[in-house]
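Okay, structure first, notes after.
Protein chains in written order, with the numbering used here: chain A, 1 to 420; chain B, 1001 to 1420.
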């Protein structure tokens, strides 16, 4: 990977297939007897990555009809696709049913009626899951949205009526339930406690519906550390605390055949990705040592603290061109003509020189496609997948990217060594 | 415009050429004797809009080389382009000089050296402006970045040395100065006070450089009201307070021939644009009356409070389908699978029904291209320009947009009446 930045120019998204495989391997080892994995395509919809994930997942969870198309393009059979999302258009519901998606995840009764109508028109019976919005969540979870008004799912308080209503629609088949009530938790106990809440609701819902659920989706909420000093999530501890709950559930004959699924996004793909940004210039302004980078919030909204964060934290970054340099304090800004385009403030990094390449870690999820690429019309980063000794160009965007970065001979990017 | 949403589907960006013309007319009437207008392309780079602005502007101010290309494509001669931006790539500097842009706005000495090198290679003398970063700014301005460490321009404290250094580069011609030190002010006195600071710096710089400046760029900072109860900026008051300062400057022989330019972005194009979003569903969750819309922060990051705002405010919105309905309180959410996708909380609007169209005002600037269009792979909004009775399709994106929105016959959008 040493020469990726030279060959493809910066900014550049780099995904490491080995890291991705090792994440799947960890999950399989710890959770494989109890759970299948559903990958949330929104985290990173790159087709090349989807193609590589396909053998490892039970399903792709999509949140728009265009994501259905992406999953299909990656080779996923339609019946391995689940379609969630709070404001599905009628046209999307229709198209998804026509395509034969495995399950629709119902977020409202109106959606149930729309699905029933289209399934009826097409003469099919569509499998559905009801998404439940719990009334309570664990404390210390991370980002939990239980107990609040929400656009997602059916509130627990009105679940029974909703089940009755869905089961009265003859073109739908209720085969299970889905809960995703919190995200990005680093706390194993809170994740297990959350699963206990899910299980209680799944039991209650299945009894009320009088079904033996075929599928139960557990929104994992497995988190990543984006800056700060917290350690990574201990998933061994999650397994230790959570799996006995699943064993207990499955010992109930009603749930003996239920396929339990962990829905995951950022935990899987986040650590497999880096955004590489080149240092275009330096500036000393009023006591601050600035480095001007060629990536900004146009390429990575989340790393710039603009995607739902209240308090901005510097993400973990490396100076891959000069890992042994003496540490100094820098402010890293992007190329955009706005003061809010800041990658890091007062971050300690090995000496950063013009021409160096900085790697922003944990950028595999909610990176490129979650960023306003067209702002100020900079060319979009390329995307590459590292697989063994191969560098595979996985760029999809029509926005042309930088390839002439080094042709002037004036940017020095020779000594890049992201991997060792 | 009544049927735009039906014809083009929602979400849809609508720009009104008449509003744009009237903004230019206001500027000309009040400021035309003193100032030319430079349009900051980043605010909205739509080619059709640039083409319409061309007769009204002295220059287009661009912030990337791709924006140079956009200005050229709109028919702008290269010498009417000024190129600013804090982290210009060497390749951009080279390409801009080769293209013959009017002026480079120098943001650092390193950039000056790069420009000098390339101008020398090409055997041309490139006109440049030095951008100055003031040490002081007015209080109560809005968003001012004077006096802080900044990636923009040359700090006032080191201006003299910078002028000397630039003037020592024989392939550059210093023809004037540029200051843009604050944005989005609604306070005429603060804007005038800011201009007084600019003028003081321009005088000092011109004397030190011993030049009669050909051009002085005043970053206007004219603001818009994005929600809240403040009235719009009183530009008559700005003119009354600021123009005598210009008269005074021009009475100095050194500045008699200086072309003063107001750099403007959002004030010009913001009010000419609306984002139309269709209401896809409704939901009552835990006491909150929600409406599920087909546009979210993927289409309008700023309106969702995610573009540099600390405290989120509801933007001004209209229910264009039901303007006479009884007012009620709503929370409007977008279609994305994330809890942060909120267009408005507790907003009072005339009864909002499924199928209605909501128009988000002041969306002409920092709308479509400043938003993460690809997030969750929803089709991108089309863009149309209203000109008299014409609706011109000005869509540029390669991401296909919704046109089949009404083909199901189940979305009711007939009664749309944005204008009157």
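C-beta atoms are modelled at their ideal positions from N, C-alpha and C, and glycine is treated no differently.
Everything numeric in this text was worked out from a predicted model, so none of it was measured.
- At a C-beta separation below 8 angstroms, residue 111 of chain A has these neighbours in chain B: 1281.
- Counting other Cβ atoms within 10 Å of its Cβ, residue 1251 of chain B stays below 16 and is therefore classed as exposed.
- According to DSSP, residue pairing for residue 1259 of chain B in a beta bridge involves B:1215.
- Not a single C-beta of chain A is nearer than 8 angstroms to the C-beta of residue 1241 of chain B.
- Among the residues facing chain A, residue 1390 of chain B is not included, as its CB has no counterpart in that chain under 8 angstroms away.
- Residue 1105 of chain B is bridged by DSSP to B:1129.
- Below the 8 angstroms Cβ cutoff, chain B contributes 1086, 1087 and 1151 as neighbours of residue 333 of chain A, in chain order.
- For residue 164 of chain A, the secondary structure class from DSSP, reduced to helix, strand or coil, is helix.
- Residue contact check for residue 179 of chain A against chain B: no CB pair falls below 8 angstroms.
- Annotation for residue 227 of chain A: 313, 314, 315 and 316 place their beta carbon closer than 8 angstroms to its own, counting only its chain and skipping 5 residues before and after.
- DSSP, read as helix, strand or coil, puts residue 354 of chain A in coil.
- Listed in chain order, the non-local C-beta contacts of residue 76 of chain A below 8 angstroms within the same chain comprise 50, 54 and 60, local neighbours out to five positions each way being set aside.
- At the C-beta level, residue 1221 of chain B and residue 1184 of chain B come within 8 angstroms of one another.
- Where residue 1021 of chain B is concerned, the enclosing alpha helix (DSSP H) starts and stops at 1017 to 1031.
- By the beta-carbon neighbour count (other beta carbons within 10 angstroms, threshold 16), residue 1139 of chain B is exposed.
- With respect to the C-alpha of residue 1265 of chain B, the residue from B:1146, B:1366 and B:1123 having the closest C-alpha is B:1366.
- Counting only runs of 3+ residues, the beta strand (DSSP E) found wholly inside the stretch 256 to 303 of chain A occupies 259 to 264, 273 to 285 and 288 to 293, in chain order.
- Boundaries of the alpha helix (DSSP H) harbouring residue 208 of chain A: 188 to 209, taken from the DSSP string.
- Measuring C-alpha to C-alpha distances from residue 92 of chain A to each of A:377, A:65 and A:78 identifies A:65 as the nearest.
- Residue 317 of chain A carries a strand assignment under DSSP once its states are collapsed to helix, strand and coil.
- If you draw a straight line from the Cα of residue 83 of chain A to the Cα of residue 63 of chain A, it comes to about 6 angstroms.
- Comparing alpha-carbon positions, the option among A:245, A:351 and A:80 lying closest to residue 289 of chain A turns out to be A:351.
- Unbroken beta strand (DSSP E) stretches of 3 residues or longer found wholly inside the stretch 1021 to 1100 of chain B: 1036 to 1040, 1059 to 1062 and 1081 to 1083, given in chain order.
- Chain-ordered, the chain A residues with CB closer than 7 angstroms to the CB of residue 1294 of chain B read 87 and 89.
- Bounds of the beta strand (DSSP E) holding residue 1177 of chain B are 1172 to 1179.
- In terms of Cβ geometry, residue 336 of chain A and residue 376 of chain A form a close pair [threshold 8 angstroms].
- Put simply, the backbone Cα of residue 257 of chain A is about 16 angstroms away from that of residue 209 of chain A.
- Within the stretch 365 to 383 of chain A, those residues whose Cβ lies closer than 9 angstroms to any Cβ of chain B are, in chain order, 366, 368, 369, 370, 371, 372, 373, 374, 375, 376, 377, 378 and 379.
- Straight through space, the alpha carbons of residue 1246 of chain B and residue 1192 of chain B are spaced by roughly 10 angstroms.
- Interface flag for residue 1288 of chain B against chain A is set, since a Cβ pair is found closer than 8 angstroms.
- In this structure, the straight-line span from the alpha carbon of residue 182 of chain A to that of residue 4 of chain A is close to 36 angstroms.
- By the Cβ neighbour-count rule, residue 1378 of chain B is buried, with 16 or more other Cβ atoms within 10 Å of its own.
- Residue-level contact by beta carbon holds for residue 1337 of chain B and chain A, with a gap shorter than 8 angstroms.
- Rounded to the nearest angstrom, the gap between the Cα atoms of residue 204 of chain A and residue 389 of chain A is 51 angstroms.
- Nearest C-alpha to residue 240 of chain A among A:347, A:31, A:108 and A:176: A:31.
- Under the Cβ criterion of 8 angstroms, residue 356 of chain A is not counted among the residues facing chain B.
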